Structures are given as structure tokens and as C-alpha cells.
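Peer 1:
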Amino acid sequence: MPHQEHLQETGRQLAHSGGIRSAFARLAALIGAFVLLHLGAAHAAAPLGASPNESVDPATVPLTRVEAVRSGWQAHEPPETGWTDVTLPDIWTTRWPDFDGVVWYRVTWNQQSTSQPLAVALDYLNMAGAIYLNGALLREDPDLVEPISRMWNTPWYRVLSAREVVPGENTLLIRVSGLAAYQPGLGPLVVGSPHAVRPLYRHAHLMRHDLQLFSLAITATLGCFFIALWSMRRTETAYGWFGLMCLAWWLWAMNQITTSTWPFSSNDMLEAADAVIFHAYCVFFSIFVFRFCNRRSWRVEVVLWLSVAAGIATLLVVPTSLLPTVRIVIIAASVLIFFASCFVFLALSAKSRRTDHRILSVCIVTFIVAAIHDLLTLTGVLRDNLYYTTFTSQLLMVGMAFVLAWHFVANLRRIERFNDELKDRIDDARSELTATLHRQHELEVVNARLGERLSLAHDLHDGLGGTLVSSIATLEHAPHSIPAERFLSILKELRDDLRIVIDTAASHDLGEHALIDLIAPLRHRMTRLFEIRRIDCAWRVSGLDMINLTASQNLDVMRVLQEGLTNVLKHSNATSVQIDLNYDDGALRLAIEDNGTGFDPAAVDVYRGTGMRSMQTRAARLGAEFSVLSTPGSTVVSLALQLRAPEPVSLRADARGR
0 MPHQEHLQET GRQLAHSGGI RSAFARLAAL IGAFVLLHLG AAHAAAPLGA
50 SPNESVDPAT VPLTRVEAVR SGWQAHEPPE TGWTDVTLPD IWTTRWPDFD
100 GVVWYRVTWN QQSTSQPLAV ALDYLNMAGA IYLNGALLRE DPDLVEPISR
150 MWNTPWYRVL SAREVVPGEN TLLIRVSGLA AYQPGLGPLV VGSPHAVRPL
200 YRHAHLMRHD LQLFSLAITA TLGCFFIALW SMRRTETAYG WFGLMCLAWW
250 LWAMNQITTS TWPFSSNDML EAADAVIFHA YCVFFSIFVF RFCNRRSWRV
300 EVVLWLSVAA GIATLLVVPT SLLPTVRIVI IAASVLIFFA SCFVFLALSA
350 KSRRTDHRIL SVCIVTFIVA AIHDLLTLTG VLRDNLYYTT FTSQLLMVGM
400 AFVLAWHFVA NLRRIERFND ELKDRIDDAR SELTATLHRQ HELEVVNARL
450 GERLSLAHDL HDGLGGTLVS SIATLEHAPH SIPAERFLSI LKELRDDLRI
500 VIDTAASHDL GEHALIDLIA PLRHRMTRLF EIRRIDCAWR VSGLDMINLT
550 ASQNLDVMRV LQEGLTNVLK HSNATSVQID LNYDDGALRL AIEDNGTGFD
600 PAAVDVYRGT GMRSMQTRAA RLGAEFSVLS TPGSTVVSLA LQLRAPEPVS
650 LRADARGR
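FYI, the numbering for the sequence shown is 0 to 657, going by numbering that gives the first Met the number 0.
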């Protein structure tokens, strides 16, 4: 099936086109190697395609006559009459159109001597056959009736023994079974010495069998590789479509080496199914072109998928007699889709001016030129009997895979560069953050020092300052009636306040004394001062034994209480004061209420005072709510601090004791 074979191979070459920018030299070398390999093989095998009446080598024997006659499927002997002269290669449909059956070929030559070994090589016969030499059977294919064995792409070689060759005229009788739809006939045949014929057979076998296996292996490998690559990186849809394209091509190209119609019952069904697979391949190629160029056309893709579905449906419902016609229509539509996709890609690549697109364009143009040459050869315009698409298929396939691999490597390099840039930016950010943290630490140290100074100033104001104010008030009220022991008591009170300030500044952990223990001396001292000033003082204290505060919290609560009472002494002109300090429902509440003249809490001058600011600061540090409500005749200073469920002081004391 030479013309059918080359037509299929022409379509198969449509499969693969590619290139790579960064490795252009290597791609060029690879292309050159493929071209030299295939052209060398083709050139070496060319004598099998020479005229049967010409000797291409002195060691070959010229054929004297080649004749053909047709017969029925069950004929085991050729007819006696009806022989006609033919030339090899021969396609009998040019002489007997639409003939399905058996054609007998009779090849004769004169052998001068039988002392030297003789060999015969046949390029192909389409589809199956049997070969006899002087009446002796040399070859017989398994199935000579439908489903006929598919031996159309299998070269044959035989070294003839001295008993098989006779001096004088020798007759090689070849029985060929074929179908008109698939270019049935007989290929070139050479008779001569083994050392001259065997190289021709080896190269024919290389082109028709070995290179086909090589191409199938590469196609399957690339298809599986890019499918796996796409499955791990779904965003790269071009990889997936290229993988599907390779696998579809692999299924279609199996026609080149398969020798039976399995799993189909006839050659017509197999060829029609093969045409549908080729159509699917062309559709995959078209979608791949769109994805590779970062384009989408949903309408075009829907039409393409509908055409595939129509092809499959037609294959299932069309009668067997119409399958050859359906096959031709499907192949024609597939070729149109493929060439349209090629020209679309050439137009898009011309606009993009990308190097990889240009390289792929060169590969596609190379294939188009080869395909045009093969079409001219197929139609008889050219008579060189060489089909270049056979040699360009693997080249285009590897080139296209090379382009995709270049894209993959380019993406990896971009990621690596991004990682390097990201690392540099992280290093810069780390340096900036280190400098910022260093500056922040320095500011925190300065702020801590200022805070400690301010806290110390507030403690001195609220503690020592309050004691001094109350002592001064006592001395001013009755300077001559104060005994010496009272002066000593005042000094001890100042010492105690100073000790509290020092202890609090030294530790922020849980204090050694409970709040109730710290409040007791203050309560005693302030009560005595209020009595001296003739101010009624009432204390209501409850629940303080349940409080668990740190030393600084104890001090803040005590200083708020002390400052509030000091303000009553200094500014209120009150005659009575009531202090409520209790813990209930998880909250510590302090309220100082007097019946003095009052003041406007919203007045700016009030809040500019050190005492009021100190109480507000301490309340904020505690996280407590601080409020001042004042009207003529009533002023209430309150503090509310929410606390966690505490551990009783008695239990803590017991634990320390144990």
C-alpha cells in the first residue's frame, strides 16, 4: 500500500512541529542529524523504486517481463489468458478501477548461471499475498481473503537456493489480495547477488518498519511525559493537548506496523476508525495551536468537537459499503483542519515575533513543503517515488516537544529568578526590620526611663506628698499643741511611704502584703487627719481578703485612694466624707464621696493638676474605669477594676506556710 502508506505518513507528519530559542543550535544539529539519517536511508533504498527493466547495479539481474492478470478470491492458479504487461511499482486500480480481489503478477528473468548465490527483495505488496518461484512456494501470508492480512508495509527478502533457480528463464509468480479503496498492487522488486540485494532490503526495512517503531516509541514517550507533566501543572494546558495529540497520533500510526484488522472485522472498518483517530489528532493539534499561542476560541473548539462526534457517529451507523467513501471525506476534512491550523499559527507567530514561535513556524513550513511534494508525487505529477513527510514527522515531533520543554525550563528559570529576587527583598526587609526594632528598642528604653521617672514622681506626689500635705495641715491647725511623739509619728509615716515607693519600684510581682494590709495604716492615718479637721469620716470595706493583686496594682489602688482623700482635705471644704472599698462579682470598686463645695469635672484647670492626672494615669495602668461626678454639695470619685476569679488570701498564706 505505498501510496496509501505515504498519504497516511503525510498526515502523520502533520502531528509534530516545534523549536526552541535558547537551544537553537542543538535543535539545528538534531534536525540535521534526522535529515541526514532519513535522506541517507531513502537514497540507499531508492533502487527498489527504479524501473523494473533497468539494472541499478551490475550485481543485479534485469527483469525481462512483468505481467498481471486478475482473478477471483478463491483462485489458487492464475488464469491462462488475460495477461497484460505492467511496470513496477503497480497499482491495479489505474487499470481495473473498483476491483476487489486477487491479481497475479508474473515476473520473469534469464539466469545465465546458477553457480553464484541469488537473492530477491520485494519492497511491498498490498495487502497480502503468496510468492512462488518456478512453482515452489516461497512466502504465504496468513489471511488472503477478507479480513485480509495487512502486510502492505512489510518488505520481503529471500536468498534463493540452487535447487530453486534454473538456468535460463525463471518465473516469479506473486498472488496479491487487495481492496480497490486502498491502492492495491505490487511494489518494486530486485533480483541479484545477496551482497547487492540485501543492503536494499535492509534500508527498505529500516524505513518501513524500524523507523516506524522508532517514531511510535518517541511519540508514546513524549505523550505520556507531557500528560504526566500537565497532570502535575494543570495551568499549562498546552502540555495536556500536546500529550493527547501524541497519543492520538500513536494510535493512528499503529496502522504502519499492524498486520491484522483486530479488533475490527474488516479492513474497511479499521481504515474508517483510523481516519476518525486521525481527525481527532488534527482537532487536538488545532486546539494545541490555540493554547500554545495563549488564545481561545470557544466557537471554533465546539465546532471541532462536534466534527469528532459526527465522525464517530457516522462510523457506527454508515453501511460497510460506504465506509471507504466516509474515510476519504473524514481524511479530507482532517487535512483541511490541520493546514488551517498551520496557517493560523503562522499568522499569529508573525504578529508575536517571538523566537520560539518563529522556530516552530520554520518547522511547520518545512512540513508543508514536504507535504506538497508528497501530494504531487501521490497524484503522479512528480515521479521520484520519494515521500519526504516520512522523514520530517519525527523531526517535527521532537522540535515541538523541544519548544514545550523550553517553555517549561523558561518558567523554572523565571521562578528561580523570582526566588532570588524574593530572597534579596526578604534580606532587605530583614535588615530594615532589624534597624527598626533596634530604634524601637532604644525608644522603649527611653520611654521606660521616662515612665519610671513619671511613676516615681506620681508616687512621691501621692505618697510622700500627701503625707507632707496632711502633716503641714496638722501643724498649721494646732502648731503648739502637737506633742513630740506626734512629730516622731509623722516621720515614721514618711518613712513608711518611702518604703512602699521603693518596694513597688523594685518589684512588679505579687506583693508580700495584701491590699487590705496596705489600706489599714492609710485608713488609720487619714481618719485621724479628718478628725483633727473636724470632718466626719466613714469607711465601708469588704471582700478585700479575696483580692490577688501585684505590688504595683496594690500601690496604684492605694495611691488613688490616698490622692482622693488628700484632695478632700485640701480643696473640698467638706464636713463629711464616705469611703466605700469592696470586692464583689469579680470587680473591685472604690468610691470617695464628700459634701464639699464641688467643682466642674470638665474644667481644663482641674485636669491639669498633678493629682487628678496621677489618678487617671493609675486607673489607665490598672485597666480600670475612673470617673468623677461633682455638683455643689456632693463630689464622688470612683474607680472600678474588673479582676479574674481570685484565690483567697488565707489559702495563699496557708500555701506559703506549708
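No residue lacks a Cβ here, since even glycine has one placed at the ideal position from N, Cα and C.
All values reported here derive from a predicted model rather than from experimental measurement.
1. Which of the three DSSP states is assigned to V317 in this structure?
2. Does DSSP classify L269 as helix, strand or coil?
3. From L638 to W538, what distance separates their C-alpha atoms?
4. Could you round the C-beta distance between G542 and D516 to whole angstroms and report it? I think they count as a contact, below 8 Å.
5. Could you give the C-beta distance for W248 and T220, rounded to a whole number, given that I count them as a contact under 8 Å?
6. Near L303, what residues of its chain come up, given a Cβ to Cβ distance below 8 Å and the 5 sequence neighbours on each side ignored?
7. How many Å lie between T609 and V559 at the Cα?
8. How far does the alpha helix (DSSP H) with E76 in it extend, from its first residue to its last?
9. How many angstroms separate the CA atom of R157 from the CA atom of D142?
10. Residues in the same chain with beta-carbon distance under 6 Å from L250, minus the five sequence neighbours each way, listed in chain order, please.
11. Spatial neighbours of T113 within its chain, please: C-beta separation below 8 Å, excluding the five flanking residues on both sides.
12. Which whole-angstrom value is the C-beta distance of L347 and F366, which I expect to be below 8 Å?
13. Helix, strand or coil for N581? Go by DSSP, reduced to three states.
14. Name the DSSP bridge partner or partners of C536?
15. Using only alpha-carbon positions, find the residue among Y104, A519 and L321 that is nearest to L87.
16. Under a three-way DSSP split, which group does W82 fall into?
17. Indicate whether N266 and L178 have their beta-carbon atoms separated by less than 8 Å.
18. Span of the beta strand (DSSP E) holding P625?
19. Can you find at least 3 beta carbon pairs, one from the stretch 189-196 and one from the stretch 124-144, that sit closer than 8 Å?
20. The ligand NAP heavy atoms versus the CB of D140: any closer than 7 Å?
21. DSSP three-state label for T549, please.
22. Please report the residue range of the beta strand (DSSP E) in which G610 lies.
23. How big is the Cα-Cα spacing for L640 and L564?
24. Within 10 Å of its beta-carbon, does A279 have 16 or more other beta-carbons around it, so buried, or fewer, so exposed?
25. Going by beta carbon distance, what residues of the same chain come within less than 7 Å of V701, once the five residues before and after it are set aside?
26. Residues in its own chain within less than 7 Å of R620 by CB, not counting five upstream and five downstream?
27. Per DSSP, what kind of secondary structure is W151 in: helix, strand or coil?
28. Pick from F598, A237, H208 and D209: whose alpha carbon is nearest that of G222?
29. Sort P183, A252, Q439 and L490 by Cα distance to R207 and report the nearest one.
30. Using only CA atoms, which one of N152, R174 and E168 lies nearest to Q73?
31. Once the 5 residues before and after V317 are set aside, which same chain residues still bring their CB inside 7 Å of it?
Peer 2: Reading from the atomic positions:
1. coil
2. helix
3. 16 Å
4. Not quite, the Cβ-Cβ distance comes to about 15 Å (not below 8 Å), so this is no contact.
5. Between T220 and W248 the Cβ distance is about 12 Å, and since that is not below 8 Å, they are no contact.
6. V282, S285, I286 and I336
7. Those two C-alpha atoms are separated by around 12 Å.
8. From DSSP, E76 is part of no alpha helix (DSSP H); its letter is neither H nor E.
9. 21 Å
10. I276
11. A161, V164, V165 and P166
12. Not a contact, Cβ separation roughly 17 Å.
13. strand
14. V576
15. Y104
16. If DSSP states are grouped into helix, strand and coil, W82 belongs with coil.
17. yes
18. In the sequence on display, residue 625 carries Phe and not Pro. Taken as a continuous stretch (DSSP letters only), the beta strand (DSSP E) holding F625 covers E624 to T630.
19. no
20. Absence of the ligand NAP from the depicted structure is noted, as is the absence of any ligand whatsoever, leaving it without description.
21. Here DSSP, grouped into helix, strand and coil, assigns T549 to strand.
22. Where G610 is concerned, there is no enclosing beta strand (DSSP E), although the alpha helix (DSSP H) it sits in stretches over T609 to L621.
23. 19 Å
24. buried
25. Past the boundaries of the shown model lies residue 701; the chain is included only from 0 to 657, so the question cannot be answered.
26. D555
27. Here W151 sits in coil by DSSP.
28. Between G222 and the set F598, A237, H208 and D209, the nearest pair of CA atoms involves A237.
29. A252
30. Taking each of N152, R174 and E168 in turn and checking the Cα distance to Q73, the smallest one comes out for R174.
31. Hits under 7 Å: V325.
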